[in-house]
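Asker:
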């Protein structure tokens with residue numbers, strides 16, 4: 086039976102290329118020496134897969150494959166590193182298999198609009214291990230918001246995993262049907278940021294595209310740069326954020342617009 090393979094994600098550094106690949110109902114990871122993939126091919130889905138399929142042990146059963154160029158030829162080592170997973174789960178919630186979600190629209194490399202049982206939701210993932218820290222920060226923010234029964238962010242809907250529930254790589258949140266604020270929404274946003282600070286969170290990047298106004302409520306998204314009450318710089322960062330918020334409402338550069 087023919088194996089179906091699809092290149093899902095890539096991260097290209099000078100020292101190695103990382104690829105995230107779907108193989109039938111599995112998701113596997115490859116770290117490969119840049120010399121083994123033509124520079125002109127390294128981001129082309131079909132050409133990347135063509136290169137990878139020629140690597141030793143490609144057709145074996147593994148979770149990760151590390152491919153290196155040695156003086157004696159090409160060496161492939163299986164499972165040298167483990168697939169990444171979010172270690173701390175601050176919020177209780179349901180678990181969803183990534184492959185059971187239907188993607189409706191790609192918003193960015195890590196954010197998509199998806200459907201689960203005919204319900205539209207926002208999906209955010211860490212494609213590779215180095216993106217977990219930012220995801221963990223965001224999850225801590227959501228846990229604090231949930232503990233305070235706050236409406237300052239979209240509702241957290243559950244964790245998303247690859248293959249097994251202990252391989253959490255993202256989360257789902259509700260879709261907010263609102264608009265990004267303008268200067269006329271200044272007081273609403275000021276009140277919201279003050280409430281956020283009072284429960285112990287500095288957002289970190291309060292540009293207008295990280296805020297959605299829905300009715301008479303301002304909701305924040307993208308807490309990856311958040312700082313919390315127990316950080317020794319919290320007070321200083323809180324004051325700076327109040328100023329930056331108002332400045333962002335008059336910004337016409339489009340900086341931070343991910344198409345949400």
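In the working numbering, the protein residues as written are 86 to 345. Glycine included, every Cβ here is placed at the ideal spot set by N, Cα and C.
Where in the region 243–272 do unbroken runs of the beta strand (DSSP E), each at least 3 residues long, occur, reported from the N-terminal end onward?
Answerer: 253–259
Asker: For a quick check, are the C-beta atoms of residue 277 and residue 237 less than 8 Å apart?
Answerer: By one-based count along the chain shown, residue 277 stands at place 192. By one-based count along the chain shown, residue 237 stands at place 152. Their beta carbons are under 8 Å apart, which means residue 277 touches residue 237 by this criterion.
Asker: For residue 205, tell me which candidate among 255, 260 and 328 has the shortest Cα-Cα distance.
Answerer: Indexing the chain shown from 1 puts residue 205 at position 120. The shortest CA-to-CA distance from residue 205 to any of 255, 260 and 328 is the one to 260.
Asker: Grab me the residues of residue 281's own chain with a C-beta within less than 6 Å of its C-beta, minus the 5 sequence neighbours each way, in chain order.
Answerer: Within the chain shown, the letter at position 196 stands for residue 281. Here residue 281 has 237 as same chain residues with Cβ atoms under 6 Å from its own Cβ, once five neighbours each way along the sequence are excluded.
Asker: In terms of residue numbering, what span does the alpha helix (DSSP H) encompassing residue 319 cover?
Answerer: By one-based count along the chain shown, residue 319 stands at place 234. Residue 319 -> alpha helix (DSSP H) spans 319–334.
Asker: Which same chain residues, not among the five before or five after residue 240, have their C-beta less than 7 Å away from its C-beta?
Answerer: Position 155 of the chain shown, counted from the first residue, corresponds to residue 240. Around residue 240: 258 and 259.
Asker: Under 8 Å, do residue 224 and residue 175 count as touching if we go by C-beta distance?
Answerer: In the chain shown, residue 224 corresponds to position 139, counting from 1. In the chain shown, residue 175 corresponds to position 90, counting from 1. Yes. Within cutoff.
Asker: Compare the C-alpha of residue 290 against each of 307, 235 and 187 and name the closest.
Answerer: Within the chain shown, numbered from 1, the residue matching residue 290 stands at position 205. Closest option to residue 290, Cα to Cα, is 307.
Asker: Could you confirm whether any beta carbon from chain B is found closer than 8 Å to the beta carbon of residue 229?
Answerer: The structure shown contains no chain B, having only a single protein chain.
Asker: Within the same chain, show all residues whose beta-carbon is closer than 6 Å to that of residue 263, passing over the 5 residues directly before and after it, in chain order.
Answerer: Within the chain shown, the letter at position 178 stands for residue 263. Excluding residues within five positions, the ones whose Cβ falls inside 6 Å are 297, 298 and 299.
Asker: Note down the Cα distance separating residue 91 from residue 131, rounded to an integer number of angstroms.
Answerer: Taking the chain shown and counting its residues from 1, the one referred to as residue 91 is at position 6. Taking the chain shown and counting its residues from 1, the one referred to as residue 131 is at position 46. Looking at the two C-alpha atoms, the distance is approximately 8 Å.
Asker: Going by C-alpha distance, which of 144, 150 and 118 is nearest residue 105?
Answerer: Here residue 105 refers to the residue found at position 20 of the chain shown. Of the candidates 144, 150 and 118, the one whose C-alpha sits nearest the C-alpha of residue 105 is 150.
Asker: Which of helix, strand or coil does DSSP assign to residue 191?
Answerer: The residue labelled residue 191 in the question sits at position 106 within the chain shown. Note: residue 191 maps to strand in three-state DSSP.
Asker: In chain order, what residues of the same chain lie with their CB nearer than 6 Å to the CB of residue 107, ignoring the 5 residues before and after it?
Answerer: Residue numbering aside, residue 107 sits at position 22 when the chain shown is read from its first letter. Cβ neighbours of residue 107 beyond the five flanking positions: 91 and 93.
Asker: Have a look at the DSSP bridge pairing and note the partners of residue 96.
Answerer: For the purposes of this step, residue 96 is taken as residue 11 along the chain shown, with counting starting at 1. Paired residues: 103.
Asker: Going straight from the alpha carbon of residue 179 to that of residue 317, what length do you get?
Answerer: Here residue 179 refers to the residue found at position 94 of the chain shown. Here residue 317 refers to the residue found at position 232 of the chain shown. Each residue's alpha carbon lies about 34 Å from the other.
Asker: Taking DSSP as the reference, what is the three-state secondary structure of residue 212?
Answerer: Position 127 of the chain shown, counted from the first residue, corresponds to residue 212. Three-state DSSP puts residue 212 in coil, outside helix and strand.
Asker: Within 10 angstroms of the Cβ of residue 249, are there 16 or more other Cβ atoms? Answer buried if so, exposed if not.
Answerer: As a first step, residue 249 must be located in the chain shown, where it is residue number 164. Answer is exposed; the Cβ neighbour count stays below 16.
Asker: Hey, how far is the Cα of residue 334 from the Cα of residue 301?
Answerer: Numbered from its first residue, the chain shown carries residue 334 at position 249. Numbered from its first residue, the chain shown carries residue 301 at position 216. Straight-line Cα distance between these residues: approximately 17 Å.
Asker: Inspect the CB distances between the region 112–124 and the region 154–161 and report whether three or more fall short of 8 Å.
Answerer: yes
Asker: Determine whether the beta carbon atoms of residue 208 and residue 171 lie at a separation below 8 Å.
Answerer: Residue 208 sits at position 123 when you count from the first residue of the chain shown. Residue 171 sits at position 86 when you count from the first residue of the chain shown. Contact flag unset, no.
Asker: In the DSSP assignment, find the unbroken alpha helix (DSSP H) run with residue 230 in it and report its ends.
Answerer: Here the question's residue 230 lines up with position 145 in the chain shown. Element bounds for residue 230: 217–232.
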